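In terms of the numbering used here, the sequence shown opens at residue 255 and continues consecutively. Virtual Cβ for every residue (Gly too), placed ideally from N, Cα, C. The structure presented is a predicted model; accordingly, all values stated were derived computationally and were not measured.
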Amino acid sequence: MSSNPSHASAAAPALQRHALNGETMGTRYSAVFFAPAVTDLATIGAALFAAVDQVDRQMSTWKSDSDLNRLNAAPAHQWHVIPAELLAVLDAAVRVGIESQGAFDIGVGQLVNAWGFGPTGLQPDAQQILALRQRTHRAASDVLEIDLAHQRVRKKEAMTLDLSGIAKGYGVDALARALDGLGIHRYLVGIDGEMRAKGSKLDGQPWAVAIEKPVRHVREVMGVMDLADAAIATSGDYRHWVEVAGKHFAHTMDPRNGRPVDNHLASVTVVMSSCMLADAWATALLVMGAPAAMELAQQQGMTVLLVVREGDAFEEISILAGQLQP
Numbered sequence: 255m256s257s258n259p260s261h262a263s264a265a266a267p268a269l270q271r272h273a274l275n276g277e278t279m280g281t282r283y284s285a286v287f288f289a290p291a292v293t294d295l296a297t298i299g300a301a302l303f304a305a306v307d308q309v310d311r312q313m314s315t316w317k318s319d320s321d322l323n324r325l326n327a328a329p330a331h332q333w334h335v336i337p338a339e340l341l342a343v344l345d346a347a348v349r350v351g352i353e354s355q356g357a358f359d360i361g362v363g364q365l366v367n368a369w370g371f372g373p374t375g376l377q378p379d380a381q382q383i384l385a386l387r388q389r390t391h392r393a394a395s396d397v398l399e400i401d402l403a404h405q406r407v408r409k410k411e412a413m414t415l416d417l418s419g420i421a422k423g424y425g426v427d428a429l430a431r432a433l434d435g436l437g438i439h440r441y442l443v444g445i446d447g448e449m450r451a452k453g454s455k456l457d458g459q460p461w462a463v464a465i466e467k468p469v470r471h472v473r474e475v476m477g478v479m480d481l482a483d484a485a486i487a488t489s490g491d492y493r494h495w496v497e498v499a500g501k502h503f504a505h506t507m508d509p510r511n512g513r514p515v516d517n518h519l520a521s522v523t524v525v526m527s528s529c530m531l532a533d534a535w536a537t538a539l540l541v542m543g544a545p546a547a548m549e550l551a552q553q554q555g556m557t558v559l560l561v562v563r564e565g566d567a568f569e570e571i572s573i574l575a576g577q578l579q580p
């Protein structure tokens, strides 16, 4: 057997670009990867779909029989065994909630529904919104008890959990793990703009990911970010919103005042190794607003892009590994 690298390289099959996509979580997932031309795409496609379908079946607020909705409906003060994947997401969500001082909170399901962003898709319910705002809100980090050793969770009181700020990111990580498990090491996977990349393209260049300009009704590229062995997630006030009496309300809830986010931050993009965490932190920083988001990102050594809306103009604030860029 020869150990000559040139012989090994010559024997390796040439890689070819492949692309697969499908529907999940009310949107689409995609995977672009490099693999031999004779690759079994049906097997890869099935693995990708299985990965995101598992996340959807466990964490969807739209599927009445999802594990999350069963937990929402379950009585308080009792332990409930749940799938390991859902438990991991709940645990991560609670940690981000604590570290963001409550800016990220998965315990806002009732608010999401009251404002018309839930499965019913109804117009905002003013009476329910008022009732929820008058009631003292306890964060999910205070209500949930998570027992990782026994794969179970307990609620101290009734609470409707909503994972829309973290589940898609976890789904992207699941796509990445599926390709890793199949021995594919050059890829870009994504769900609705949340992306994760591994390796580089065949020419050695990193993967290019477009950053959208945070403008309603149109899709316009504001810039491009290179991505290699990292994940990226964006939260903003411009994609999903409702209009009430001529005013736009974004779908992201501020758990601290019981209302949709209403500050000058138009979008937040976060780059991390985990898309699940990038997704959650993008939401948390959007809720916090620009000054607090800048301070925390620098303290935590994060890489983020904040886009601040000033009338019809935008200001970009870039922080790279905790360092504010000129």
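With a threshold of 6 Å on Cβ separation, who are the neighbours of residue i within its own chain once the five nearest residues in sequence on each side are excluded?
| i | result |
| --- | --- |
| G425 | V306, V309, I445 |
| W535 | V524 |
| F371 | H505 |
| L550 | none |
| I383 | A368 |
| T281 | D446 |
| P337 | Q312, D321 |
| A380 | none |
| A399 | According to the sequence as given, residue 399 is Glu; it is not Ala. Answer for E399: R408, listed in chain order. |
| E569 | V562 |
| H404 | none |
On the criterion of 16 or more Cβ atoms from any shown chain inside 10 Å, does residue i qualify as buried, or is it exposed?
| i | result |
| --- | --- |
| P259 | Confidence at P259 is low in this model, with a pLDDT of 45, below 50, so its placement is unreliable and the value that follows should be read with caution. The residue in question, P259, is exposed, as its Cβ has fewer than 16 Cβ neighbours within 10 Å. |
| S257 | For S257, the predicted model reports a pLDDT of 42, less than 50, meaning its position is unreliable; a value from the coordinates is still stated below. S257 comes out exposed. |
| N367 | buried |
| D416 | buried |
| L539 | buried |
| E339 | buried |
| A567 | exposed |
| P545 | exposed |
| D401 | exposed |
| A330 | exposed |
| G223 | Since the displayed the chain opens at 255 and closes at 580, residue 223 lies outside it and no answer follows. |
| R271 | exposed |
| R589 | Nothing about residue 589 can be reported from this structure: the residues present for the chain run from 255 to 580 only. |
| R563 | buried |
| Q364 | buried |
| G490 | buried |
| S669 | Look at the range of the chain in this structure, 255 to 580, and you will see that residue 669 is not part of it. |
| P509 | buried |
| A300 | exposed |
Excluding five sequence neighbours on each side, which residues of the same chain lie with their C-beta closer than 8 Å to the C-beta of residue i?
| i | result |
| --- | --- |
| L574 | T557 |
| V267 | Sequence inspection shows Pro at residue 267; the Val mentioned does not correspond to that position. Excluding sequence neighbours, P267 sits near P290, A291, V292. |
| M255 | Note that M255 has pLDDT 37, beneath the 50 cutoff, so the model's placement of it is unreliable and no number is given. |
| A484 | R450, A451, V525, M526, S527 |
Might you give, ordered along the chain, the residues of its own chain that have their beta carbon closer than 7 Å to the beta carbon of residue i, omitting 5 neighbours on each side?
| i | result |
| --- | --- |
| G477 | I465 |
| H261 | Below a pLDDT of 50, predicted positions are generally treated as unreliable, and H261, at 44, falls in that range; no measurement from the model is reported. |
| S263 | Annotation note: pLDDT 45 at S263 (below 50); position unreliable, coordinate value reported separately. Here the set comprises nothing. |
| I438 | F287, A289 |
| I298 | L274, L436 |
| R513 | none |
| I352 | S395 |
Beta carbon of residue i, beta carbon of residue j: below 8 Å?
| i | j | result |
| --- | --- | --- |
| V286 | A304 | no |
| V397 | G361 | yes |
| G447 | T488 | yes |
| D427 | R450 | yes |
| V515 | V541 | yes |
| S527 | A482 | no |
| P460 | S521 | no |
| S284 | V463 | no |
| W316 | R408 | no |
| E411 | R392 | yes |
| G543 | N517 | yes |
| L578 | Q552 | yes |
If I'm right that residue i touches residue j with Cβ under 8 Å, what's the distance once you round it to whole angstroms?
| i | j | result |
| --- | --- | --- |
| L429 | L302 | 6 Å |
| M279 | K422 | 6 Å |
| M583 | A385 | For residue 583 there is no data in the structure shown, the boundaries of the chain being 255 and 580. |
| I571 | A532 | 17 Å between Cβ atoms; not a contact. |
| M530 | I420 | 6 Å |
| L519 | L269 | So it is not a contact: roughly 41 Å between Cβ atoms. |
Okay, do the region 308-316 and the region 286-298 touch, 3+ Cβ pairs below 8 Å being the bar?
The region 308-316 is not in contact with the region 286-298.
Does the count of Cβ pairs from the region 433-445 and the region 342-355 closer than 8 Å reach three?
no
I'd like to know if the region 316-329 and the region 346-361 are in contact, where contact means that at least 3 CB-CB pairs between them fall below 8 Å.
Segments in contact, no.
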